[in-house]
Amino acid sequence: MARAAKAIKPIIGLVPPDPSSLSWRDMKGLLKLGQYAHSLSEHELYRIAKLVTQSSADLLEEWFELDPLKGTKAASGIIGTYLGPRSPGTAYVLLHHYMGEIDGAFRAWGFAKNGTGGVTAAIASSARALGVEIRTNAAVDKVIVRGGRAAGVALANGDELSATVVMSAADPKRSFLQFVDQQHFPDEFVQAIRNFRVRGSSGKINIALSGLPDFNCLPGEGPLHRGAISISPSIEYVERAYDDAKYGNFSRQPYMDIIFPSMIDRDMAPPGHHVMSCFVQYAPYDVAGGWDDAKKDAFGETVIATIEKYAPNIRKVIVGKQVITPQDIERIAGITGGNIFHGELLLHQLFFMRPAPQWADFRTPLSGYYFGAAGAHPGGGVMGAAGKMAATEILKDWQ
Amino acid sequence: MPELSAVHHPLYQLRRTPFHARTSQLCLPHNWRRWGGCIAVGSYDLGLDREYWAIRNHAALIDISPLIKYEITGRDAARLLHRLTPRDIHRMQVGQVYYTGWCDDDGKLLDDGTVTRIGEQSFRLTAAEPQFRWLALNAVGMQVQITELTERLAALSLQGPKSRTILNLACEQPVDSLKYFRMAFNRVAGKAVSVSRTGYTGDLGYEIWMDAEDALVIWDTLLAAGHDYGITPTGILAMDMARVEAGLFMLDVDYTPASHAWIPGQRSSPYEMGLGWTVNLDKQGYFVGRRALEREHREGSSWKMVGLEIDWEGLEREYAAVGMPPQVPATAVRGSIPVYAGPRQVGYASTSTWSPVLKKYIALVHVQQPFHAPGTKVEIEVTVEHHRRKSPATVVALPFYDPEWKKK
Ligand SMILES: Cc1cc2nc3c(=O)[nH]c(=O)nc-3n(C[C@H](O)[C@H](O)[C@H](O)COP(=O)(O)OP(=O)(O)OC[C@H]3O[C@@H](n4cnc5c(N)ncnc54)[C@H](O)[C@@H]3O)c2cc1C
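Chains as they are written, first to last, in the numbering used here: chain A, 30 to 428; chain B, -3 to 404.
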């Protein structure tokens, strides 16, 4: 897996060339890609081809025997997708989750001091130090178009800001179907964005605790509380969790990835207290009957009851909880469909097809308008890759 | 017939510190190191990240008992230390701590450590190496008593931004008013301790000095008090990374004490090690090395220890050439690495490390005039897949990392 992740990583850092184009830039990109593919052995090439088409279950069954191990690994392949571990394409998603590198350690997951928001806060303060003005709580209503070019933005509060370059870091649906009138885009592009799959499938339960849950399998406080705890006893368990979602319901026995951020960073909770962050699948965006308070409570209860099977003291230590559905993600984080990656990481929505064929190089059919967020190549995750590559492309056009 | 298992005799074994009963229980990877004739925990985990981040985000509890410690008392105690070290000991207040090196008469470093004025006529000196002979030689004709406390006095270092909060919970008296490089008496679990606001990490931190007999109860009390604040027993390898970030050097690693040098060129002066600030040439009277240091101060030093930041893009390029992402060491590397300006070697790194908090590959380097000015571009050797390459790097001022809470 490490080798495969390392092999894919150079592609992630490449501006996707358009295979249908004969432009110099695309040819150069394709050449680079070709050279890169050439540098891999036949064996590696097959493995990569397999990886991007296989299901995570098939991939893992080639390598492992133990159910809990396969279940836990397989779960990485369904994160942020509306698929089960036996659906083709999930092997790539699995890989996407093992691409991280922290302090030289590959396949590592990092925790940002003061929570994930610490990353954007650091970027913002670094930008401010360079004289950048940042406005928050300033929703964009429209991109202003003048003479066929993006010329600024109109805010919801009525303010208008003019600019020579506009870059959207919102999701593809907002960026292309809401901010810009569709007359400015080719029909095909509009169609592709409309079809872009952004259906949220993940819920999040944040729990405030007065103490740590005691797990049956490893009683007492221990290293497990500093790691990720996965409720995924087998591939079958996760696939069945998906079965519920397939027909519009939240999983009755959900898959869960649990961490205690306060065990890593004590500033995340008052002394002696903890926060428990439970990433849960599946919770369909468009759950049958709609998300109302009763449905949300039922979902939260299902999650707690599931945890209780493994950590019977959980209810005694809960002092508060927050249940977040994909609809809440849409509302709070401003992500259409509430998909955690602004759109599923599926083969047909990746690389030169993300967010739409021909427009994966961070440019858009509207000149002066750029796109650099999770819905662009190389997809979601707190890695800033899309934004950085978009900025680099903007600078190239600027000169 | 002689006993077959004579190796078990204490005389054949490295000493254990007074905390051994606790540290050995927790040292899961059996990663032991040698320090001052003792075994000391290298790391309690297989990796260093948890212990390293405890230093930078929470509080790390480090057994520093192997430090060599002396008590110097008597009418001439101050006179002895004033003569021994380049610092102005007569100006030192009771409760004050000085960091200092001390030299031979050629002005070359013999050792370094802290001097604490415990009372008007009583001091404590820490050292990396036994110094009894040197102390005794310098005390000829003085009315002083020099007692080695190394085994009698156990010591713990509590380092990290939460260390003050934890000590306030564990100590009878709050430590809030204890300033940087000051020492005060206190009690933990009813046992007498002295607490100095010192450390080897460049973070907020304290060192707690206690009777060896009280070691375990104090360890337990501190761990209990710090439980909710992320206190983490930490080995010397994570501390080694932190001390490089703090720009602090280590005897036998970053400098060769004059008494160990095979050749004169191996020796270093305080000026060369960036310790010019500890050399009080305006102080009254003679001290060992005075004339040589005055001369060096006048004429300038030809070498200087500075910081080096290895340029990430350059490193990436070197590794990309063999199809690999950059590799960074997972621990502080103690080993000499050549530093170049063009084709010419102008110095060497003595310790290098990846700095997780700065996300930079850094090194303590010794470079010749005029290459030690901050901003100077040099190159450092990197071994990429068994091949020697050069990677661009920039000279920077020390320390690399200096959080605002260190002295606050
Ligand atoms: C529950 C959850 C768990 C996750 N877990 C992980 C994880 O463990 N590890 C990981 O790496 N990634 C994780 N992710 C994914 C990761 O958070 C995203 O992929 C990443 O934040 C995307 O960054 P971005 O800048 O592209 O978009 P975002 O961070 O979504 O930023 C888009 C911004 O656009 C703003 N916006 C929307 N509409 C407008 C408008 N009209 N005007 C102005 N601004 C607007 C939004 O408010 C938002 O701030 C998770 C995501 C979620 C939701």
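Every residue gets a Cβ at the ideal spot worked out from N, C-alpha and C, and that includes glycine.
Beta-carbon proximity check, residue i vs residue j, cutoff 8 Å
i      : j      : result
R83/B  : T274/B : yes
I333/B : Y315/B : no
P114/A : E268/A : yes
L219/B : V191/B : no
K402/B : G198/B : yes
G329/A : I260/A : no
E67/B  : R120/B : yes
A156/A : N186/A : no
G303/B : A185/B : no
D294/A : N53/B  : yes
L165/B : V111/B : no
P300/A : Y225/B : yes
G70/B  : V140/B : yes
A402/A : A198/A : yes
Span separating the alpha-carbon of residue i from that of residue j
i      : j      : result
F214/A : G249/A : 59 Å
L411/B : I85/B  : What is shown of chain B runs -3 to 404, which leaves residue 411/B out entirely.
P283/A : F93/A  : 23 Å
F177/B : R193/B : 5 Å
I173/A : Y357/B : 45 Å
L376/A : G397/A : 28 Å
N368/A : I108/A : 10 Å
Y314/A : A274/A : 10 Å
E189/A : F244/A : 55 Å
I433/A : H371/A : In the structure as shown, chain A starts at 30 and stops at 428, and residue 433/A therefore has no counterpart that could be examined.
A188/B : L159/A : 52 Å
H303/A : A340/A : 15 Å
H26/B  : D216/B : 21 Å
Q92/B  : S306/A : 47 Å
T421/A : T327/B : 34 Å
Y397/B : E241/B : 5 Å
P394/A : E47/B  : 51 Å
I152/A : I58/B  : 34 Å
D322/A : A334/A : 18 Å
G222/B : A56/B  : 10 Å
Y336/B : L80/B  : 37 Å
A150/B : V361/B : 33 Å
P15/A  : G416/A : Only positions 30 to 428 of chain A appear in the structure, and residue 15/A is not among them; the question remains open.
Y196/B : P266/B : 18 Å
R203/A : I343/A : 40 Å
F308/A : I258/A : 10 Å
G240/A : S291/A : 11 Å
Under 8 Å from the C-beta of residue i: neighbouring residues of chain A
i      : result
H54/B  : R295
K158/B : R295
Proximal residues of chain A, C-beta to C-beta of residue i below 7 Å
i      : result
P352/B : D132
I225/B : Ile is not the amino acid found at residue 225/B; the sequence shown has Tyr there. What Y225/B touches in chain A: R295, P300.
Residue i: contacting residues in chain B (beta-carbon distance under 8 Å)
i      : result
K142/A : N53
Any C-beta of chain C under 8 Å from that of residue i
i      : result
G144/A : Checking the listed chains, one finds no chain C in this structure; the protein chains it contains are A and B.
Enumerate, from N- to C-terminal direction, the unbroken beta strand (DSSP E) stretches of 3 or more residues contained entirely within the region 282 to 333 of chain A. 284 to 288, 303 to 310
Stretch-stretch touch, CB-based, cutoff 8 Å, three pairs: the region 213 to 230 of chain A with the region 346 to 361 of chain A: yes
Jot down the residue ranges of each uninterrupted alpha helix (DSSP H) in the region 137 to 166 of chain B, minimum 4 residues, whole runs only, in chain order. 159 to 166
Mind pulling the alpha helix (DSSP H) runs of 4 or more residues that sit fully within the region 260 to 302 of chain B? 286 to 295
Runs of 4 residues minimum, wholly inside the region 98 to 180 of chain A: which ones carry the alpha helix (DSSP H) assignment? 119 to 125, 146 to 158
What are the start and end residues of each continuous alpha helix (DSSP H) run of 4 or more residues lying completely inside the region 103 to 136 of chain B, in chain order? 128 to 134
Would you mind listing the beta strand (DSSP E) stretches within the region 339 to 398 of chain A that are 3+ residues and don't spill past its ends, in chain order? 347 to 353
Would the region 22 to 40 of chain B and the region 102 to 109 of chain B be scored as touching if the rule is three or more Cβ pairs under 8 Å? no
Identify every run of the beta strand (DSSP E) within the region 0 to 86 of chain B, keeping only runs that are complete inside it and at least 3 residues long; order them along the chain. 27 to 31, 34 to 39, 55 to 59, 64 to 69
If we count Cβ pairs, one from each stretch, closer than 8 Å, do we get three or more for the region 233 to 242 of chain B versus the region 280 to 288 of chain B? no
Count the C-beta pairs between the region 296 to 315 of chain B and the region 376 to 396 of chain B that are closer than 8 Å, then say yes if the count reaches three, no if not. yes
Stretch pair the region 253 to 268 of chain B + the region 93 to 105 of chain B: three plus CB contacts closer than 8 Å: yes
Is the region 97 to 107 of chain A close to the region 61 to 80 of chain A, with three or more CB pairs under 8 Å? no
Indicate whether the contact test is met: 3 or more Cβ pairs, each with one atom in the region 369 to 385 of chain B and one in the region 290 to 298 of chain B, closer than 8 Å. no
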